[in-house]
Every structure is written in C-alpha cells, then in structure tokens.
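Engineer: Please read through the structure below; I'll follow up with questions.
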Amino acid sequence: MLKMLLAFLAFSITVFACHFIITENFIAGQFFYPLWQIHAFLFVATAIILLLLRLIHRHFPDKTGFLFMALSILKMAFSVVFFLPLMKADVADPVGDVLNFFIPYFLFLTFEAVAAVRLINSR
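The numbers in the sequence shown follow the numbering used here, run straight up by one, and end at 130.
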C-alpha cells in the first residue's frame, strides 16, 4: 500500500512539473483554471479511487474491476461538474482549457488503470 502511494505521489509531482514547464515555456495565454486547481482535483479524485480500490479489493477481490469502472464513471461526472463554470463563462476558445484539463486527466486515469490491473492480478 505504501509503495503504491509513494509511486502515486511521485507520478503526480512529475505530471504537475511537466505540465507546468510546458505551459510556462511553450504555451502563450491565460487559462480559465490555474494548473494547481486542475492537479489538486485530479490528485484528490485519484487518491480516493486508489484507496477505495485497495479497501474493496481486501474484502471483495472479485469486485475490484467493477468498482474501478464505477468510480471512473463517477470521476468523469465530477469532471463535468468541475467544468461547469468554464461552460457557463464566455470564453472565446475553450479548446485550450479542455486540453489543459483532459491530458492530465487521462494520464491520471492511466495510473488508476495500471494500479487496478495490478490489484486484480495480485490474487
């Protein structure tokens, strides 16, 4: 458990650092959401999912895959709620903001999927 959480922390810091470097050096303009808000949302959501997967896997190992799918859908629903202010705002070109969110989103989702597969294969 501790090894997975340390790997997740290192992954999160690396993704944030890369994202920060890319947006500061190569992308001009201001985004609707600051990077720290995007990464804080993704970090908390992914940490909750990882902890719930570990907890459920301990008691119901045959339900881990179903829980992963359900939590992934729930995370997507919360992402839509997170994006409501952007959708309601009068932003001229929201494509940059959407990419700014969903590229890290899919990186975090990949980490979750790898962790879920490792849990499922561990039994």
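No residue lacks a Cβ here, since even glycine has one placed at the ideal position from N, Cα and C.
#1: Are T53 and H64 closer than 8 Å when you measure CB to CB?
#2: Output needed for L114: all residues of its chain with C-beta closer than 6 Å, excluding positions within five of it in sequence on either side, in chain order.
#3: Taking Cβ to Cβ, would you say L60 is nearer than 8 Å to A122?
#4: How about L58 and F15: do their beta carbons lie closer than 8 Å?
#5: Ordered along the chain, which non-local residues of its own chain (more than five positions away) have a Cβ less than 7 Å from that of F18?
#6: For F89, which residues of its own chain have a beta-carbon under 7 Å away from its beta-carbon, when the five flanking residues on both sides are left out?
#7: Given that a residue counts as buried once 16 or more other Cβ atoms are within 10 Å of its Cβ, and exposed if not, what is F108?
#8: G103 and F27: beta carbons closer than 8 Å?
#9: Are I29 and P111 touching if we call contact CB-CB under 8 Å?
#10: Excluding sequence positions up to five away, which residues of its chain have a Cβ less than 8 Å from the Cβ of G36?
#11: Return yes when the Cβ of P101 is within less than 8 Å of the Cβ of L93, no when it is not.
Structural biologist: So, from the listed chains and residues:
#1: As a position in the sequence shown, residue 53 is number 46, starting the count at 1. As a position in the sequence shown, residue 64 is number 57, starting the count at 1. No, these two residues do not count as a Cβ contact at 8 Å.
#2: Position 107 of the sequence shown, counting from 1, holds the residue named residue 114. Closer than 6 Å at the Cβ level, and outside the excluded window around L114, lie V22.
#3: Numbered from 1 along the sequence shown, position 53 holds the residue referred to as residue 60. Numbered from 1 along the sequence shown, position 115 holds the residue referred to as residue 122. In this structure, A122 lies closer than 8 Å to L60 by Cβ.
#4: Position 51 of the sequence shown, counted from the start, is the residue given in the question as residue 58. Position 8 of the sequence shown, counted from the start, is the residue given in the question as residue 15. The answer is no: Cβ separation not under 8 Å.
#5: Along the sequence shown, read from residue 1 onward, the residue named residue 18 stands at position 11. Contacts found: F118.
#6: Here residue 89 refers to the residue found at position 82 when the sequence shown is read from its first residue. Closer than 7 Å at the Cβ level, and outside the excluded window around F89, lie F48.
#7: As a working note, residue 108 is residue 101 in the sequence shown. Buried: at least 16 other Cβ atoms inside 10 Å.
#8: As a first step, residue 103 is located in the sequence shown; it is residue number 96 there, counting from the start. As a first step, residue 27 is located in the sequence shown; it is residue number 20 there, counting from the start. Cβ distance not < 8 Å, so G103 and F27 don't count as in contact.
#9: Here residue 29 is taken as the residue at index 22 of the sequence shown, counted from 1. Here residue 111 is taken as the residue at index 104 of the sequence shown, counted from 1. For I29 and P111, no; Cβs fall outside 8 Å.
#10: For the purposes of this step, residue 36 is taken as residue 29 along the sequence shown, with counting starting at 1. So the list reads G103, once near-sequence residues are dropped.
#11: As a working mapping, residue 93 is identified with position 86 in the sequence shown. As a working mapping, residue 101 is identified with position 94 in the sequence shown. Yes, the Cβ-Cβ distance between L93 and P101 is below 8 Å.
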